[in-house]
Every structure is written in structure tokens, then in C-alpha cells.
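First up is the structure itself, then whatever we jot down about it.
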Amino acid sequence: MVVNDHTGYIEYIGDNAGALQYHTEFSYVHDVRGNTVLPGFHDVHMHPLEAMTELGGGCSVPSNTPPENMLYNISQCKTRNDATAWVLGHGHSIEYILEHIDNGGRPPKEIIDEVMDTNPVIIMEETSHSVWVNSKALELAGITKDTPNNPGGIIMKDANTGEPNGILFENAGNEIMDLAMKSFKNLDEMNYDALLLGLEELRMNGITSVCDARTYWKRNHHDAWKMACDDKELTVRAVLGLWAYPHMNDAEQIQRLKELYTNGYNKNECFLKINEIKVYSDGLLESTTGAMLKPYVKNLHLPGLDENIGMNYFTQERLQIYFEHLQAFGYDKGFDFHIHAIGDRGVEEVLNAIERTKESGTRHRMTHLEIVNQRDIPRFQELDVIADFQVTGTYTLPNKLYRIENVVGESRAKNFIPVKSVEDTGAAVTLSSDWDVSSLNPFISIQHATQRGSQSISVKSAIEMRTINAAYAMRQENEVGFLSAGMAADFVVIDKDILNIPINQISTAKVLLTALQGEIIYQLDKK
378 MVVNDHTGYI EYIGDNAGAL QYHTEFSYVH DVRGNTVLPG FHDVHMHPLE AMTELGGGCS
438 VPSNTPPENM LYNISQCKTR NDATAWVLGH GHSIEYILEH IDNGGRPPKE IIDEVMDTNP
498 VIIMEETSHS VWVNSKALEL AGITKDTPNN PGGIIMKDAN TGEPNGILFE NAGNEIMDLA
558 MKSFKNLDEM NYDALLLGLE ELRMNGITSV CDARTYWKRN HHDAWKMACD DKELTVRAVL
618 GLWAYPHMND AEQIQRLKEL YTNGYNKNEC FLKINEIKVY SDGLLESTTG AMLKPYVKNL
678 HLPGLDENIG MNYFTQERLQ IYFEHLQAFG YDKGFDFHIH AIGDRGVEEV LNAIERTKES
738 GTRHRMTHLE IVNQRDIPRF QELDVIADFQ VTGTYTLPNK LYRIENVVGE SRAKNFIPVK
798 SVEDTGAAVT LSSDWDVSSL NPFISIQHAT QRGSQSISVK SAIEMRTINA AYAMRQENEV
858 GFLSAGMAAD FVVIDKDILN IPINQISTAK VLLTALQGEI IYQLDKK
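Numbering (the working numbering) for the sequence shown: 378 to 904.
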């Protein structure tokens, strides 16, 4: 491969003899020594800043442990040497919490109170869709038995007393987290440090383009990305998905989002765009907050969800308002939307909203898509909607399907995460990680995508979903996503030819080198 040293664009790909003919004082020849070269990987749904944050000490609690067995882990959380400071943690499984409640266990808030009752404590569960808090946190947030649910959120309450039990689902968790964030005087510094750590992980995994799938602009996440540009530390092409807060006034939020739009933050010629909106349609299947057309088999008796068909962050009608005002505005501005939709009702409502407000040239992307009604499968292609799936987690494999069957029933779980079904319609399909919910290792997602029974796809398709298809989603398919003369030299060198090895070995592939616009940004130390 010959790359122009000044522009960072590929001039030639081929054998050594041909490369030497193209080699000039303005280019360099990269000898990959017989290893495999692929386009730089894309990840169009991940959380690189959130994944590496150390806010509040960032204590970690185990995932696969009943809450009563976590007392020691919780007691080890840092308190910033302040008996009144917010303490933040993460990592537990909501399934274990719900099982504890279902079995008649004490309110979860009392478990934390036992070891930490003066500091307000928030522990975010592993998917980030709920938090576990203590009594002090509830007190500071003003949450009582009489507090109603705000849009997109659920305050879980004790079945006998009606008091909040310490579990806050979805946006109720986001709101109390926002309250905690206000107490951190060095928030911007901590955001920036977390982002730099995240970027290092991306380089090591051969990822050269990303979409930040939840840029909390009220927490100044976007400023951390700009700072990385200012300091010449941004080593990916990045698109930020500005978070749409479900409890905000629509007119006020729409105006603020317009003000934050940029199709290119150009300081130091870095690759940063703020041209996507991240919005949630619904919640999760495991907590029965994903929006379903028919009731769940499992019933958690969540407040305000009497029909047991899940909930909405944004209803179809509100989504239409945001599409109408933000997908095209000004002379040449417009956001693409990145929409979380998990249940079949959530998926259908988003597709309906897009259909009724469709503008030419939009590249809206729906993500997760775990349960999709058969009648909606062809609509992605018909409406030019990009379907983004995550299959990195082992829960997406056929031998783990019983977990979803226990929640939605066997018939609806049959085509869980229908990657192949949507691909077969000709729709644009991408794969992503949702890091740090799952590993950001692209080889795991590629391997798993080929091991999902009737929803399996080819290795070639999986690679394309992590490269050229994802480049299309980011509106950069004319620059990157495949390797050819004239394209930007974003590439990765790996130690295995993943197209020609046993499928079960793909996840063992290692990144040897990562390059962005011709610049080597990571090289494996062979010592």
C-alpha cells in the first residue's frame, strides 16, 4: 500500500513492484508483511466517554451477584473524603435486583443504607437503563411516595407501603444522575480525561470512526470532544449524537439542539461533527420497559404501566415534532436521528413517525431492534432507514434465548435481533458494540453475527456492516469504509485472515496496527 504522506490518501494498493513505481518523496510504502489489511472499523453506537469515566470514584460492583451479597463491594466505594458527597458506582444486573424484590427481599435502598447512609449513592446497572440508590439520594432528589413519573422514567415503589424502594428506571435514573453531576466542580476535566482513555481503547481495537450514542450536552460531554480537537488528541472520525432529554420543554430543547449543530468542528482539522440526535423511543425488555404491541409474559407491576406493554421516552407524536423541526433547518443544516427502539411497538412507532415526516436525503438510524413485528421488516428498506444491531453480548446467541423467552414468550423471541431478515430486504444494516454495555472488540461482533442460527449472516457481510455500511451511516462513504486508490488511508492490520479461518477463531484476531488518514495511531508492541 502506498499512502501520500501529505494528504493521507491511498495512492496504490497492490504488489511490491507496483508500490515501488508509485513511491515518491511525498509518499510512503507500508509493508504489512503478509498480514491482513482491512478498512478501519466503524462503531456507530458506543459510549467512549461514559465507558471510562471515574466520576465519584466510579466504584464497580459485580454483575452476577444478589444485592444482599454486595455489602462489602458497596462499602468500598470512594467518598472523596466528604461524608456528604455523591458516591457513584456501576455494574450490577437489574435481573438480580428484580429477583430479590420478587422474592420478598427488603427494599434495595436499605441495602445501601446499611453501609452508607450519610452519602447519597447512585449505582448504575450494567446496561445504564436503571439506577440503584439509597435513601439519602432519594431525599436530595425530592423523590417521595407522592412523586409522579416524569416522561420516560419510572420510580419503582414498594408494593405494600408505596414508598420509593431505591430503583429508578430509565429517565428517572438520568435525572438523579444529572443532579449528582452538578456537585462535581471538576466535571469538565473528568470528562476530558475519560474521553482520552476511551480514545486509547479505540485505537487498540482498530476503530477509526465512531458515533457517540448519547452525548449529554447538559453535562458538557460535547465540550470534551472539542477539547480533544483543540489539543490534537482526537484519533477517530467522530459524530456526536446529542441526547434528547424527554422531560425538557420541546420548543426550548429544539432551539438548543439547533444551536449545538455543526457539520464540522474544524479546529486543527480534526474529524468531529455534531450532526446527530440520540433519542429513545422505549426502554428494555428485561425490565419490561421496552414498548410492546402485546403484554409481556413477565409482569413486574411497575407504577404507571398497568397494561404491561412497556413505556415510551418519546411518543410517536413527539418524535414527529422533533423530526419536523430538526431533520432539515436553516439553509443547509439538518440532523440525522439515531433512535433507540427495542420492543415491536417502539420500532413500529418510530417507523410511523419517520414515514409521516420523511425528508429526502435523511439517513436516520434505528438501533437495537430486538423484537420487530414481521410486517415492519420491509419498512427499513422502503423508508431508507438504517438498521443498527448489537450482537457482541453472549445474550444474543441462540443458547441464551431462554432469557428473552421468559420475558416476551417463545413466539416473539423466535427472531430476536433479526439481522438476517432485515439484511435480506436490501436495507442498509450496521453492526455496533454499544460499548461499554458489551465489549468494543469488533471481532467478537463479527464472529457472533455468523453464529445466530436462522439470523446468521456471512463473515463478509459482517465486515461490511462494520466498515462501508457504517461509513454510509456516518455520511463518509466517499472518504472511508473501503480501501482503494483515492480513499483516505484509514486502515487496520490484523494477524489473521478472518475471511478464511474457522468462524470460532475470528474473535481471537489481534490488531497489529491502526492508521487514521495515513497516520499510524497504534502499533502493537511485540516485546
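Glycine included, each C-beta is placed from N, C-alpha and C at the ideal position.
Whose CA, out of Pro425, Met533, His599, lies closest to the CA of Ile474? Met533
Limits of the unbroken beta strand (DSSP E) element including Met743: 742 to 745
Do Phe712 and Asn652 have their CB atoms nearer than 8 Å? Yes.
Alpha helix (DSSP H) runs wholly inside the stretch 701 to 763, at least 4 long, in chain order: 721 to 734, 756 to 759
Thr885 versus Thr524: straight-line alpha-carbon distance, rounded: Looking at the backbone, the Cα of Thr885 and that of Thr524 are separated by about 50 Å.
Please confirm whether Gly953 and Arg596 have their CB atoms less than 8 Å apart. Examination of residue 953 is not possible in this model, given that the chain is present from 378 through 904 alone.
Counting only the same chain and skipping the five closest in sequence on each side, list residues whose C-beta sits under 7 Å from that of Glu540. Lys522, Lys534
Proximal residues to Met447 (C-beta, below 6 Å), its chain only, five neighbours per side dropped: Val438
Does the stretch 712 to 727 come close enough to the stretch 662 to 673 to have 3 or more Cβ pairs within less than 8 Å? Under the three-pair Cβ rule at 8 Å, the stretch 712 to 727 counts as touching the stretch 662 to 673.
For the beta strand (DSSP E) holding Gly411, just list the boundary residues, first then last. In this chain, Gly411 is not harboured by any beta strand (DSSP E), its DSSP state being neither H nor E.
Would you call Asp813 buried or exposed, if buried means 16 or more other Cβ atoms sit within 10 Å of its Cβ? Result: buried.
If you draw a straight line from the alpha carbon of Ser822 to that of Ala804, how long is it in whole angstroms? C-alpha separation (whole angstroms): 19 Å.
May I ask which residues mark the beginning and end of the alpha helix (DSSP H) holding Ser324? Nothing about residue 324 can be read from this structure; the chain reaches only from 378 to 904.
Mind the definition here: the stretch 594 to 610 touches the stretch 652 to 664 only if three or more C-beta pairs lie below 8 Å; say whether that holds. Result no; under three Cβ-Cβ pairs closer than 8 Å.
Please confirm whether Ser586 and Ala847 have their CB atoms less than 8 Å apart. Yes, they are a contact pair.
Here's the rule: buried if 16 or more other CB atoms are within 10 angstroms of the residue's CB, otherwise exposed. What is Arg752? exposed
Buried or exposed: where does Glu841 fall if 16 or more other Cβ atoms within 10 Å of its Cβ makes it buried? buried
First and last residue of the uninterrupted beta strand (DSSP E) at Tyr657: 649 to 657
Given 8 Å, three or more beta-carbon pairs between the stretch 742 to 751 and the stretch 759 to 771: They touch, by the three-pair rule.
Gly411: which of Lys797, Asp392, His422 sits nearest, CA to CA? Asp392
In chain order, what residues of the same chain lie with their CB nearer than 7 Å to the CB of Lys777, ignoring the 5 residues before and after it? Thr771
Residues that DSSP places opposite Gln900 in a beta bridge: Leu890
Assigned exposure category for Phe691 - 16 Cβ within 10 Å defines buried: buried
Within 10 Å of its beta-carbon, does Phe403 have 16 or more other beta-carbons around it, so buried, or fewer, so exposed? Phe403 should be labelled exposed.
Grab the span of the beta strand (DSSP E) containing Gly466 for me, first residue to last. 464 to 467
Using the three-state DSSP reduction, which class does Arg614 fall into: helix, strand or coil? strand
When every heavy atom of the ligand ATP is checked, does at least one fall within less than 7 Å of the C-beta of Lys735? The model on display carries no ligand, and the ligand ATP is accordingly not part of it.
Could you check what DSSP says for Gly543 in three-state terms: helix, strand or coil? strand
DSSP three-state assignment for Trp594, whether helix, strand or coil: Residue state for Trp594 is assigned as helix, using DSSP reduced to three classes.
Quick check: the Cα distance between Ile387 and Ser833, rounded to an integer number of angstroms? Distance from the CA of Ile387 to the CA of Ser833, rounded to the nearest whole angstrom, comes to 33 Å.
May I ask you to report which of helix, strand or coil DSSP gives Ala865? strand
Where does the unbroken beta strand (DSSP E) through Ser507 begin, and where does it stop? 507 to 510
Could you check whether Thr807 and Gly417 sit closer than 8 Å to each other, using their CB atoms as the reference points? no
Just reading off the beta strand (DSSP E) that Phe418 is part of, what are its end residues? 418 to 423
Can you give the Cα-Cα distance for Ile478 and Glu896, rounded to whole angstroms? 53 Å
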